[in-house]
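Chains as they are written, first to last, in the working numbering: chain A, 3 to 183; chain B, 17 to 390.
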């Protein structure tokens, strides 16, 4: 059924605009007393939702072991080629020697990074995480190329229940004693 | 010393020095008002848009005051100083394609009329020994209102000159619009004021165009109640004359980049900026003098202050309060109404305001013809 809309002509006062202007003034006057929406940034910080993709960082596991094994998957997947890894070997004397590899140097150029999160997604060791760091600034370009030390400083440790390499080591030891599979 | 002051040359010198001081005081007050009108504009626009507005600037000295210092910081008390210094210290860029002499002349041309009009503007009253009331004014001209109309419309020459001297198309369009708008609204403005002259030209009155006479004639009831149509037309024309929204055709940053001041920067732009607010303040003051009873207290009420020096000061304060109220009204309107389309501005000026002003004039002419002592 067609709906008939009555289009009545404007009244005299409507054509003068004056009541509408007064109505508008009332609206703006009321909004003066409403709550301010401004977040006064340096003092107040926004709440960052979980899963936020901030600056990529390197993390350690709860035992303080460096998780990255320098497989370079993140370096290869990185679309803007922001990651540069120099692989290194873990010496035999190290208690973590069974992990075999760790990065000698790990650089992420934050001027190139596009925060896509592919490095985090591709990492088999869950070693690289995009965390809630949203404010990066520096006085030189060089300072914005994060090196390994800086990346671990930003990353810290994350809770982890896998302990993949500890289990592997335990399995190896058990096999040596002959009660393995 | 006394003998020197009483000699013709001495008294002339004293006259010059005193009046220079008076003029400087008035200009300082006007400029302070301009600076804080800019702050008010930014704060009120913020509040209307649910923002706090400028609240970070702080003079180091003020920071040491315990609670007040923080309040002053939150209301942006030192912001005008920072704004002024910013304009002063910016690089003074002169585009290569401008007509240099007129390019520099234009900002001055827009500020000078605004400062000149405040010379004839009465802003208070004092009582001579005999009890006769005298205006507090820099120059009590008998044709004060004509002087204001003549000089304040010169302000638009600054915009037109800026548009032409910039030698670039957007400022040029802005200048053309400013001049078209001036012509359309000046007519309605002038005609809307004629009933005011008729009103104040009571039988026996020798100087009906004197602004002080007009204010004194509103001691019982303000003119806005006797002549609401005149007041409305004058107010709308005032918005157009001062190039404020919804009539800021000359600036119109959505379609003309920056309008007449596109090519201006640093302190030359600052001059335009100050001139806009000076025009707004002087315009509000003229409206208060003509229609809102000047320094008279409230309609139908005698002034509550005594007829002495304190009363004079209170009358000036009351006048400034009214002017401030109108400045806030100007700002409030700006953040409420969108800009009119250019052809609507012209239509409103020529098809509505001008006929209305003429009809209004004729109605009051007939009224005064039949009731000359009304």
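For glycine and all other residues, C-beta sits at the position ideal for the given N, C-alpha and C. Note that this is a predicted model, so its numbers are computed, not measured.
From the options, residue whose alpha carbon lies closest to that of residue i
i: residue 102 of chain B; options: B:349, B:373, B:351 and B:285; result: B:285
i: residue 102 of chain A; options: A:53, A:121 and A:73; result: A:73
i: residue 113 of chain A; options: A:58, A:89 and A:134; result: A:58
i: residue 30 of chain A; options: B:56, B:38 and B:64; result: B:64
i: residue 165 of chain A; options: A:129, A:79, A:56 and A:76; result: A:129
i: residue 159 of chain B; options: B:236, B:272 and B:230; result: B:230
i: residue 370 of chain B; options: B:192, B:275 and B:250; result: B:250
i: residue 256 of chain B; options: B:144, B:366 and B:56; result: B:366
i: residue 94 of chain B; options: B:76, B:104 and B:225; result: B:76
i: residue 91 of chain B; options: B:265, B:45 and B:55; result: B:55
i: residue 175 of chain A; options: A:137, A:47, A:46 and A:100; result: A:100
i: residue 43 of chain A; options: B:309, B:68, B:331 and B:349; result: B:68
i: residue 105 of chain A; options: A:115, A:92 and A:125; result: A:92
i: residue 155 of chain B; options: B:309, B:228 and B:327; result: B:228
i: residue 154 of chain A; options: A:109, A:115 and A:90; result: A:109
i: residue 252 of chain B; options: B:373, B:110 and B:109; result: B:373
Rounded separation between residue i and residue j - CA only
i: residue 247 of chain B; j: residue 240 of chain B; result: 6 angstroms
i: residue 201 of chain B; j: residue 169 of chain B; result: 10 angstroms
i: residue 39 of chain A; j: residue 72 of chain B; result: 17 angstroms
i: residue 382 of chain B; j: residue 338 of chain B; result: 32 angstroms
i: residue 244 of chain B; j: residue 163 of chain B; result: 24 angstroms
i: residue 144 of chain A; j: residue 267 of chain B; result: 44 angstroms
i: residue 298 of chain B; j: residue 96 of chain B; result: 19 angstroms
i: residue 40 of chain B; j: residue 323 of chain B; result: 26 angstroms
i: residue 361 of chain B; j: residue 263 of chain B; result: 7 angstroms
i: residue 29 of chain B; j: residue 41 of chain A; result: 59 angstroms
i: residue 43 of chain B; j: residue 385 of chain B; result: 42 angstroms
i: residue 216 of chain B; j: residue 106 of chain B; result: 49 angstroms
i: residue 13 of chain A; j: residue 26 of chain A; result: 18 angstroms
i: residue 205 of chain B; j: residue 378 of chain B; result: 15 angstroms
i: residue 58 of chain B; j: residue 70 of chain B; result: 7 angstroms
i: residue 119 of chain B; j: residue 269 of chain B; result: 20 angstroms
i: residue 51 of chain B; j: residue 50 of chain A; result: 40 angstroms
i: residue 111 of chain A; j: residue 146 of chain A; result: 6 angstroms
i: residue 78 of chain A; j: residue 53 of chain A; result: 23 angstroms
i: residue 226 of chain B; j: residue 172 of chain B; result: 24 angstroms
i: residue 283 of chain B; j: residue 104 of chain B; result: 5 angstroms
i: residue 357 of chain B; j: residue 342 of chain B; result: 25 angstroms
i: residue 177 of chain A; j: residue 168 of chain A; result: 14 angstroms
i: residue 294 of chain B; j: residue 387 of chain B; result: 40 angstroms
Chain-ordered neighbours of residue i on chain A, where CB pairs are closer than 7 angstroms
i: residue 64 of chain B; result: 30, 33 and 34
Interface partners of residue i on chain B, CB under 7 angstroms
i: residue 38 of chain A; result: 66, 67 and 68
i: residue 23 of chain A; result: 353
Residues bridged to residue i (per DSSP)
i: residue 317 of chain B; result: B:314
i: residue 135 of chain B; result: Note: residue 135 of chain B sits in no beta bridge, so no partner.
i: residue 147 of chain A; result: A:111
i: residue 59 of chain A; result: A:131
i: residue 103 of chain A; result: A:91
i: residue 68 of chain A; result: A:62
i: residue 23 of chain B; result: Note: residue 23 of chain B sits in no beta bridge, so no partner.
i: residue 253 of chain B; result: Bridge partners of residue 253 of chain B: none, in fact.
i: residue 143 of chain B; result: B:149
i: residue 159 of chain A; result: A:62
i: residue 86 of chain A; result: A:109
Where residue i meets chain B, residues with beta-carbon distance less than 8 angstroms
i: residue 27 of chain A; result: 348, 349 and 352
Practice prompt. Assess, as a yes-or-no matter, whether the stretch 155–164 of chain A is touched by the stretch 52–67 of chain A under the definition of 3 or more beta carbon pairs within less than 8 angstroms.
Written response: yes
Discussion item. For the stretch 117–124 of chain A against the stretch 80–88 of chain A, do three or more pairs of beta-carbon atoms, one drawn from each stretch, fall closer than 8 angstroms, so that the two count as touching?
Written reply: yes
Worksheet item: Three or more beta-carbon pairs under 8 angstroms between the stretch 166–183 of chain B and the stretch 275–291 of chain B, yes or no?
Response: yes
Worksheet item: Per the contact definition of three or more C-beta pairs closer than 8 angstroms, is the stretch 290–297 of chain B in contact with the stretch 121–134 of chain B?
Response: yes
Worksheet entry | Inter-stretch contact at 8 angstroms, needing at least 3 Cβ pairs: the stretch 77–87 of chain B / the stretch 134–150 of chain B | no
Worksheet item: Are the stretch 31–49 of chain B and the stretch 91–99 of chain A touching, with three or more C-beta to C-beta distances below 8 angstroms?
Response: no
Discussion item. Would you call the stretch 138–146 of chain B in contact with the stretch 328–344 of chain B, where contact means no fewer than 3 C-beta pairs closer than 8 angstroms?
Written reply: The stretch 138–146 of chain B is in contact with the stretch 328–344 of chain B.
Worksheet item: Is it a yes or a no for the stretch 188–202 of chain B touching the stretch 346–365 of chain B, going by three-plus beta-carbon pairs under 8 angstroms?
Response: yes
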